[in-house]
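So the structure is just underneath, and the comments pick up after that.
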């Protein structure tokens, strides 16, 4: 099984890229994690709907080969790390590549959200998209650590 984070946005700051690279490197060989950067649509005089539609087209092209779609959304399920680990373990059992989508500045197209298998949120706080990418990388590593009973994650 493979995992990917499809992130709409520009190149993140170096410290975010370095942090993500560290967690990508730590992922087990049988559960590789990749980050796919999706170019945001140029704003110009386009409406929000036009921007989201153009980004949806790019996301759908990048989703080819992924059987499971998880969108990150502020109204998504609020999971604990252990709950994310349980979800991850279930996905691993059922197989199929899983993609997590982080939308651009205007969010994610409603139709694409409707096609998602699940919608989760990382926090009730508003996070910069680059920081959300880094947090998701860390939480996926932490989740697989929980699944494997690795001491990285400690319950209080």
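Numbering (the numbering used here), first residue to last: 23 to 178. Idealized CB from N, CA, C, for every residue including glycine. Here the structure is a predicted model, which is why all the values come from computation and not from measurement.
Supposed close pair residue i, residue j - CB separation, criterion 8 Å
i: residue 92; j: residue 142; result: 6 Å
i: residue 87; j: residue 23; result: Going by Cβ atoms, the distance from residue 87 to residue 23 rounds to 12 Å, so no, they are not a contact pair.
i: residue 62; j: residue 126; result: 4 Å
Span separating the alpha-carbon of residue i from that of residue j
i: residue 170; j: residue 149; result: 29 Å
i: residue 124; j: residue 79; result: 14 Å
i: residue 151; j: residue 100; result: 18 Å
i: residue 109; j: residue 115; result: 10 Å
i: residue 165; j: residue 34; result: 24 Å
i: residue 85; j: residue 174; result: 31 Å
i: residue 30; j: residue 38; result: 15 Å
i: residue 161; j: residue 71; result: 31 Å
i: residue 106; j: residue 153; result: 18 Å
i: residue 145; j: residue 54; result: 24 Å
i: residue 50; j: residue 26; result: 14 Å
i: residue 81; j: residue 112; result: 24 Å
i: residue 103; j: residue 157; result: 12 Å
i: residue 52; j: residue 122; result: 18 Å
Where residue i falls: helix, strand or coil (DSSP)
i: residue 115; result: helix
i: residue 6; result: For residue 6 there is no data in the structure shown, the boundaries of the chain being 23 and 178.
i: residue 65; result: coil
i: residue 140; result: strand
i: residue 98; result: strand
i: residue 108; result: helix
i: residue 148; result: coil
i: residue 80; result: helix
i: residue 53; result: coil
i: residue 85; result: coil
Those residues which DSSP pairs with residue i across a bridge
i: residue 130; result: In the DSSP output, where bridge partners are listed per residue, residue 130 has none listed.
i: residue 59; result: 29
The region 60–72 / the region 93–105 touching (three or more Cβ pairs under 8 Å): no
Three or more C-beta pairs below 8 Å linking the region 42–49 and the region 70–89: no
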